Amino acid sequence: MKIRILALLLGFVLLPLSAYAEEGGIDKGDTAWILVSTALVMLMTPGLAFFYGGMVRRKNVLGTMMHSFFILCLISVQWVLWGYSLAFGPDIGGIVGGLDYLGLNGVGQEPNGTIPHLAFMMFQGMFAIITVALITGAFAERLKFSALLIFSLLWATIVYDPLCHWVWGGGWLGDLGALDFAGGTVVHISSGVSALVAAMVIGRRRGYPREPMPPHNLGYTLLGTALLWFGWFGFNAGSALAADGIAAVAFVATNTATAAAALVWIFVEWAHRGKPTLLGGASGAVAGLVAITPAAGFVGPVSSILIGAGAGVFCYIAVSILKPRLGYDDSLDVFGIHGVGGMWGAVATGLFASVGAQGLFFGNASQVGIQIVGVLATVVLATVATFVILKITDLITGLRVTEEEEVEGLDLSQHGESGYNL
Amino acid sequence: MKIRILALLLGFVLLPLSAYAEEGGIDKGDTAWILVSTALVMLMTPGLAFFYGGMVRRKNVLGTMMHSFFILCLISVQWVLWGYSLAFGPDIGGIVGGLDYLGLNGVGQEPNGTIPHLAFMMFQGMFAIITVALITGAFAERLKFSALLIFSLLWATIVYDPLCHWVWGGGWLGDLGALDFAGGTVVHISSGVSALVAAMVIGRRRGYPREPMPPHNLGYTLLGTALLWFGWFGFNAGSALAADGIAAVAFVATNTATAAAALVWIFVEWAHRGKPTLLGGASGAVAGLVAITPAAGFVGPVSSILIGAGAGVFCYIAVSILKPRLGYDDSLDVFGIHGVGGMWGAVATGLFASVGAQGLFFGNASQVGIQIVGVLATVVLATVATFVILKITDLITGLRVTEEEEVEGLDLSQHGESGYNL
Amino acid sequence: MKIRILALLLGFVLLPLSAYAEEGGIDKGDTAWILVSTALVMLMTPGLAFFYGGMVRRKNVLGTMMHSFFILCLISVQWVLWGYSLAFGPDIGGIVGGLDYLGLNGVGQEPNGTIPHLAFMMFQGMFAIITVALITGAFAERLKFSALLIFSLLWATIVYDPLCHWVWGGGWLGDLGALDFAGGTVVHISSGVSALVAAMVIGRRRGYPREPMPPHNLGYTLLGTALLWFGWFGFNAGSALAADGIAAVAFVATNTATAAAALVWIFVEWAHRGKPTLLGGASGAVAGLVAITPAAGFVGPVSSILIGAGAGVFCYIAVSILKPRLGYDDSLDVFGIHGVGGMWGAVATGLFASVGAQGLFFGNASQVGIQIVGVLATVVLATVATFVILKITDLITGLRVTEEEEVEGLDLSQHGESGYNL
Amino acid sequence: MKKIEAIIKPFKLDDVKRALQDMNIEGMTVSEVKGFGRQKGHAELYRGAEYIVDFVPKVKIEIVVPEENAQPVVDALLGSARTGKIGDGKIFISTIDEAIRIRTGERGKEAL
Amino acid sequence: MKKIEAIIKPFKLDDVKRALQDMNIEGMTVSEVKGFGRQKGHAELYRGAEYIVDFVPKVKIEIVVPEENAQPVVDALLGSARTGKIGDGKIFISTIDEAIRIRTGERGKEAL
Amino acid sequence: MKKIEAIIKPFKLDDVKRALQDMNIEGMTVSEVKGFGRQKGHAELYRGAEYIVDFVPKVKIEIVVPEENAQPVVDALLGSARTGKIGDGKIFISTIDEAIRIRTGERGKEAL
Ligand SMILES: Nc1ncnc2c1ncn2[C@@H]1O[C@H](COP(=O)(O)OP(=O)(O)O)[C@@H](O)[C@H]1O
Ligand SMILES: Nc1ncnc2c1ncn2[C@@H]1O[C@H](COP(=O)(O)OP(=O)(O)O)[C@@H](O)[C@H]1O
Ligand SMILES: Nc1ncnc2c1ncn2[C@@H]1O[C@H](COP(=O)(O)OP(=O)(O)O)[C@@H](O)[C@H]1O
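What follows is the structure, given as structure tokens:
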């Protein structure tokens, strides 16, 4: 995406007499598309609330949904106040953005590429929100709500904002040439790895893995999947930052990889366990969405099928074979799907890129190496910082609810509400 | 918004040789954005069905959802047949539109501003629909369905259509200079005040306030909140009537105020009652959406935070302290959220406006006065007309179901259906 | 729609110096609109999952939703691999497209009309998906999952792809002048008729019609209705393939006919059975959406009301009077709504067309005849091919689950999952 | 000890609970049931077709009391659950051999 | 009076109800329960993992009848609820000391 | 035969089931109920207002056993359901006149 921003900026500089100039650089078609994409990405976070909320036990449905919903509110404000500035303010040493944009000072209607700067800011803000929300699947059904508040604020500020700067804001990773069309490293590897750290630091749910903890409402999970899939068109195709051919490439790659990943997960589970499941289809779809994210604007449809298929296989193995062996309780498989899927996607981008950039299979062997550097850097930052943030949070409020509260459920103990009165 | 329409029309008149002229005045970027916005606003009414439907008792879920859904159907047809003409037909004395557009006669593909006239008509129609639907929260769980039919038709025709004309259709309130970017007075004050009148005329639910009447499915309420938030981007940013910088301003203000209001409501309830709630977050979000509506295209992000925060505080107080003291049963707090939030928003627009118009804090003290005139005019029209309409409806069909029907629930008694067979 | 494609292509050829040419023929406003429309149409299939899923018994909710969800995945891949080529590849004798586009070979960012070819491909792909998914309502609650897999793949390839070619891909039916703006024949008649054949071949559900089989969650059904209505704006107004006046015409027609059909169904059921129902409203809305589909870009608002009203009446009669008399068990009334609504819509297009084409009431009597030819051709293809496909599927895997599995429900027997753990 | 089982109309539960509390009954167990009896079910609609649901939602209350309290409890139930319309429900009384409080192991009346 | 409690397979409820109606049994109370017995539960899947749900959905029917009707009711139940496969359920018979109709206060057989 | 009814805390069901299985109890019937007793309910919030829900979710287990097994079952229940906190629940024992297995028509102990 960074490449595209540069291209657009260049285009703007070099073509002062073009159609753009007539309207002060703003293209209304592009602006319409980015505003819509921003709305679509916003919808993903409530989508996640349902995706996650359906999978927990009935007594934790509101507590789980509240995580996503609260983060939507919290990071919306954090981003406007200081997050955007840390991520996209004038570069400081390749590491972080300066404070010039605090409170969106100086961020207005003027064009950024071919869209209003405010539109670019808001589109990016939705990415910050969902990234933080994704992590919450790791500690579902046992986190104190006050801990969520502190953890989210710190994580957004210390992990997301700088990492976003590294890749898209003019930082070192983007300069290195790492390809990340719509956020494979920034969004998925970072949240997936942080989720794993959180699951291990916070510890298992009471009763896990002895007691089965079946999803209480798979309809909610399917609804969430649908909203995620729908919103992801904005996430990926919107990352073209224009309503053009690249957006169409990314749109098609997104849909195709997602479908392929869902099919593969379904078939693998069918072969392995004897039955094709809806939750498997939903999980595979999300794995596919994750894996295609860094590659979306760089690959054609057949590569998309392969990337999706890989996501279906690798994430299925991570979730159903690796996790039980290793014994950690990442409640809703954030690592298994976003971490593993994100890493596969980042590497696969280095393998399959063919549109506007070349990967290994298209003659550019070095890209894979750069991609791996990106993955490693993200893993290191996410692991260390998340660990520290959890320890700080623990000091301030404690991380887990009491055993009694866990048995009663988060809905009643944290929020004084019940999900259903049927 | 009126200002913008004027600006666009002026632009159209004065720049006959601009890019617009090349395509007969229609800008495809703007048209794409308004078509999408129209679809988004349409989705808000089913969103409202879920927002409201989740909050009532199980036995009334379908009856409550049916209100919104039926109004979507009814006013869609009313608007096309005569509503649009009353609101946007050629001005008659600043009070109401003429009948020239009956049955959309003469409303076609020709540009209205930079979009097809039909697109403008439909966008406006979605506002008429949701305004009527909002009121239904006041008399949920006890209104006769036949009364809903008559009330809705009369209210849309006698209250909404003229009021819309006053503010946006060339009527006296717009001429006065009242700022209402996307419908604070037209939509929210009018529905909120009418809701209060309706709650008082129709009377309390059986058992209220002695018996607790907890929400039966807060997942539905969160789904509704998500769809409302999502759709409101079309409502507010679409009211720019163009895919431009102002749309981006409105988009950012909408998201920011909503998030701030939800946070504030959550924190206030946490402080006041000891627990942060999901329903509080959802209620706060809607309060924020309401309050930012008149201001959306006129304010920056920091003002948006303040407007949202005010909405969180004022609406919380109205709902949790004022309502029980006064003792009326506005079942789902239409007045407390839309009435109070709308009035605060209208006044706040007069305080904080800084983009394309000036409010008190930006040197234009007189704006607040104009805003207050707008509020008062709306309150008077809504109060008097709603009272009369209810009396007429009562004469024709009666307003309330029988006690037995109320105990059995509206789903069975009015519709012969059950919400769930689980 | 075919007419519009031609017009756009012509426009492109004849106006090499126009604004389009400056950007290589791609219009960003149109592209933004089609990308959004594609996302909207995609959302319809999960919408259908909820529309259908809410209507079945609790034990079959996942099995029913899985049909739509799985088809979304399966046909997404089929379309990319060979479906698009069969439908839109270079014409072979007016019957089917050539294999030139296998694996989307040669389908890229270049303009097709004013949008990238890939965008056109994907928009069309979403139509293929939902058409197959619509059929599943006919055999809900009793089909083997393995049969679904084979049936869907064969039906998409043998029925949908060629039929789509006939009407939109350069085939004989389009050449004949049949008007089908957004898929009345291609999508609705084909799926509705196939559904009837499938219902008869597969046979009734155990206990039908003796045992009542009431919907288990009408909230889901309303959610599905809302998503269908919302997504259908992309389906119909997107079929203009441009963000222009015709798109606005189609948008308004869609909303108006849908509302009118829902109102009429509600009133008819109220008169006939004494109560207005939510499911009736939802069913009527879908009937209206179906009926206006072929006509959307060709008719004005008043014609839309009439087309919608006709749909409400005819589909109500088909579902509540005809079906019980004839005794087949089309579980969720695919034939009664999509088949009957689609046929009425196709004929009504020939009656009411007045925008860009003329129907009987606007002086062109011959159009009705052409429309009827289109209907008949579709009925014949769908009937014969569906019958054969079902027989093949039966040979390979069998069609029905065992009696025991049917009693237990598809969720457990086919997927090893439960819809709810409340 | 006696077990008193009452099948009542759901919306009467609150009144019944209050009546029992007023006479210092400190424990009861409640469940949702469906009743079939003289009270007719209702018709529901499904796309223009009508079908009859003959089970009516009811609430079952179980209260175990020392024998001497049985009659007062019955009286309280009769007083609070009655609407006078068909379907008000039934009270069934049976004998409990032993009651034990799980927390303490107390038996008999002490356990109630 | 006797209380007859039958635990049956849910899909048999309709047949049982019809059989009882045919012999003029006018009242019964039904509830959803979960059974555990010889009939094995089923396996469910959760993201590639299998777990066993050992409770099986059952329906409990309670019918209070005058003693002389107990045997016919049992026979009707046996006739209508049997599929011959494991898990068909049980019938338990116990004694009811008194029955009262809430609406009228009638007692004994009159109350049923 | 005796019927043992236990009202327990829902999260103890698994432990109880295991304890009963360990002593070769092969059948039981479980239902969800709401309890009212010494254990207080909880407060819930609704838009800044607080209301009290005084019914507590409980699980009812019914086990019919030959008389001689009653005491061991009670002991197993006491051992597995107790947390020592208020609200652990009750065990009620009553007499069953007859038990019949629907599938085979077997009666008495054979039917259990
Ligand atoms: N013989 C019976 N055995 C068990 N439950 C019964 C019996 N008769 C009635 N009931 C229960 O009592 C409820 C009320 O009975 P019904 O005959 O409708 O009216 P009423 O209580 O006025 O006589 C029924 O819905 C059913 O739950
Ligand atoms: N001893 C018992 N006490 C209470 N309920 C029992 C008992 N044994 C069985 N049941 C109930 O009867 C149902 C059927 O019993 P099961 O042993 O599975 O098959 P069958 O009825 O063929 O003997 C169980 O699911 C359970 O609900
Ligand atoms: N007299 C009673 N009759 C029926 N059920 C009772 C009775 N007393 C208590 N219960 C049931 O037992 C549960 C636990 O009782 P409670 O008084 O809260 O605590 P404890 O079991 O520690 O005495 C209650 O929730 C209720 O379901």
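The listed protein sequences correspond, in order, to chains A, B, C, D, E and F. Heads up: the first sequence begins at 875 in this note's numbering, then just goes up one per residue. Heads up: the second sequence begins at 875 in this note's numbering, then just goes up one per residue. Heads up: the third sequence begins at 875 in this note's numbering, then just goes up one per residue. Heads up: the fourth sequence begins at 33 in this note's numbering, then just goes up one per residue. Heads up: the fifth sequence begins at 33 in this note's numbering, then just goes up one per residue. Heads up: the sixth sequence begins at 33 in this note's numbering, then just goes up one per residue. Even for Gly, the Cβ is constructed at its ideal location relative to N, Cα and C. For clarity, every value in this text was computed on a predicted model and none was experimentally measured.
At a beta-carbon threshold of 7 angstroms, the residues of chain C lying near L1153/A are E1291, ordered along the chain. Shown here, P1168/A sits in coil according to DSSP, grouped into three states, outside any helix or strand. Within the same chain, and ignoring the five residues on either side of P42/D in sequence, the residues whose Cβ sits closer than 8 angstroms to its Cβ are E64, P89, K90, V91.
Cβ atoms of I1181/C and G1219/C come within 8 angstroms of each other, at about 7 angstroms. Listed along the chain, the chain B residues whose CB falls inside 7 angstroms of the CB of E76/D are G1290, E1291, S1292.
Residues A51, L52, M55 of the same chain have their beta carbon placed closer than 7 angstroms to that of A108/D, with the five preceding and five following residues left out of the count.
Here H1146/A carries a helix assignment [DSSP, helix/strand/coil]. The beta carbons of T1260/C and V1061/C sit no closer together than 9 angstroms. In the three-state reduction of the DSSP assignment, F997/C falls in the helix class, which pools H, G and I. Taken in chain order, the whole beta strand (DSSP E) runs of length 3 or more contained in the stretch 69-139 of chain F are 74-78, 81-85, 88-97, 122-127, 130-133. For E37/E, the enclosing beta strand (DSSP E) covers residues 34-40.
The C-alpha of L1284/B lies about 17 angstroms from the C-alpha of E1143/C. Taking CB atoms only, G73/F has no neighbour in chain B less than 9 angstroms away. If you check the C-beta of K90/F against ligand 3, you find a heavy atom less than 8 angstroms away.
H74/F is classed as exposed because its beta carbon has fewer than 16 other beta carbons within 10 Å across all chains shown. About 5 angstroms separates the beta carbons of T1167/B and G1058/B, which is inside the 8 angstroms limit, making them a contact pair. Relative to the non-hydrogen atoms of ligand 1, the Cβ of R1084/C never comes closer than 8 angstroms to any of them.
In the structure shown, G67/F falls within a strand segment according to DSSP collapsed to helix, strand and coil.
Interface with chain F (9 angstroms Cβ-Cβ cutoff): L1286/A is included. Not one beta carbon of chain E lies nearer than 9 angstroms to the beta carbon of V105/D.
Going by beta carbons, I1004/C and A1256/C fall outside the 9 angstroms limit. With respect to I1140/C, G1119/C sits apart: the two C-beta atoms are not nearer than 9 angstroms. In the three-state reduction of the DSSP assignment, G971/A falls in the strand class, which pools E and B.
With respect to the C-alpha of G1044/A, the residue from F962/A, I989/A, R1084/A having the closest C-alpha is F962/A.
Nearest to P98/D by alpha-carbon distance, out of I39/D, R135/D, I128/D, is I128/D. Listed in chain order, the positions of the stretch 902-934 of chain C with a beta carbon within less than 9 angstroms of a beta carbon of chain A are K902, G903, D904, T905, A906, W907, I908, L909, V910, T912, A913, L914, M916, L917, T919, P920, G921, A923, F924, G927, G928.
With a cutoff of 9 angstroms on beta-carbon distance, A1012/C and L1273/C are scored as not near each other. Interface flag for E64/D against chain C is unset, since no Cβ pair is found closer than 9 angstroms. In terms of CA proximity to T1031/B, A1002/B leads the group A1002/B, M1087/B, T1010/B. Apart from the 5 residues on each side of it in sequence, F1235/A sits with its Cβ closer than 7 angstroms to the Cβ of L1225, F1226 in its chain, given in chain order. In summary, E1278/A is exposed, with fewer than 16 beta-carbon neighbours lying within 10 Å of its beta-carbon over all protein chains present. Here the C-alpha atom of F124/D lies approximately 45 angstroms from the C-alpha atom of M940/A.
Legend: CB atoms of the stretch 42-62 of chain E lying less than 8 angstroms from CB atoms of chain D belong to residues K49, E58, G59, M60, T61, V62.
Contact of A113/F with chain D by beta-carbon distance below 7 angstroms involves I134.
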